[in-house]
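Student: At position 217 of the sequence shown the residue is numbered 207 (the numbering used here), and the sequence of numbers has no breaks.
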Amino acid sequence: MLSCIIIEDQPLAQKVLKRYIEDMGHLELIGTFADALSALEFLKNHSVELIFLDIHLPKISGIDFLKIVSPRPKIILTTAFSDYAIQSYELDVVDYLLKPFSFERFVQAVSKVIYTADKTPSQQVSAPEEGAEKRENFIFVKTGSEYQKLAISSIQLIKADGDYTRIFTKEKKYLVSHPLRYWLEKLDAKWFSQIHKSYLVNVQHIDKVSGNQVYVGEGILPIGRTFKESFFVKYLEDAS
């Protein structure tokens, strides 16, 4: 369990975060504070691994808090304002959640901390053994009550289906309870390109591109007007 605190002056926002923390598991909430100075006083005598931090706070701002807190735990910013995104990342935060954010987006942010915390020092510094499978080379997708392990390289394409997505491999397809934007953020843009509002394709599986169509295995996918230029520039400019 990761110990965490909330620094947030809005009662409703506190309530949402508390519910998400409880539903998430993996987290132990040990304090909630309406201002950063109270949190700083608490941190003098308590260690914590993760802080959910609002930016607009009474007394001192979340940004000022970031500059003075030491030692600094992992920080996930929660704010209704997008203006501070660049500045916050310069201060090395884990993630920047723009209110109102979904539970799914919350889980994505917290997972960045959990996976880092789960690594032992030897895992962080030692090279993998020959033939060892790296974590980033596979994912687990929930299908029904089970979690299916998939090699990322085996994914041909991902198709939006409302709030769900369908993952296609050569052997099988999976219906997963994540929207397409989840995979856009999770998968490496070097290999996965959105070519249409409904399609994310693994460029390693593209057989050919003809006009406004992409051929992947036995499927023919449309290239949307919005995505055509960036797709061609990124992947096809050297082939022309």
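Think of the CB as a built atom: it goes at the ideal place given N, C-alpha and C, for glycine as much as any other residue. Remember, it's a predicted structure, so these values are computed and weren't measured experimentally.
1. For F158, is the classification buried or exposed, using 16 other Cβ atoms within 10 angstroms of its Cβ as the cut-off for buried?
2. My guess is that L87 and F96 are in contact by the Cβ rule of under 8 Å, so how many angstroms apart are they, rounded?
3. Alpha carbon to alpha carbon, how far is T133 from Y164? Give it in angstroms, no decimals.
4. Indicate whether the contact test is met: 3 or more Cβ pairs, each with one atom in the stretch 131 to 147 and one in the stretch 202 to 219, closer than 8 Å.
5. State the start and end residues of the unbroken alpha helix (DSSP H) segment that holds A3.
6. Measuring only the C-alpha atoms, how far is A26 from D44?
7. From the DSSP output, in three-state form, read off E39 for me.
8. Can the beta-carbon of V103 be found closer than 8 Å to that of K49?
9. Less than 8 Å between the CB atoms is what I'm expecting for W173 and T155, so what's the real figure, rounded?
10. Terminal residues of the continuous beta strand (DSSP E) containing D197?
11. Is the CB of L17 under 8 Å away from at least one CB in chain D?
12. Near K139, what residues of its chain come up, given a Cβ to Cβ distance below 7 Å and the 5 sequence neighbours on each side ignored?
13. Within 10 Å of its beta-carbon, does L67 have 16 or more other beta-carbons around it, so buried, or fewer, so exposed?
14. Buried or exposed: which applies to N192, given that a residue is buried once 16 or more other Cβ atoms fall within 10 Å of its Cβ?
Tutor: Working from what's here:
1. buried
2. 7 Å
3. 7 Å
4. yes
5. 1 to 14
6. 9 Å
7. coil
8. no
9. 6 Å
10. 196 to 200
11. The chain labelled as chain D is not found in the depicted structure, where only one protein chain is given.
12. F128, F130
13. buried
14. buried
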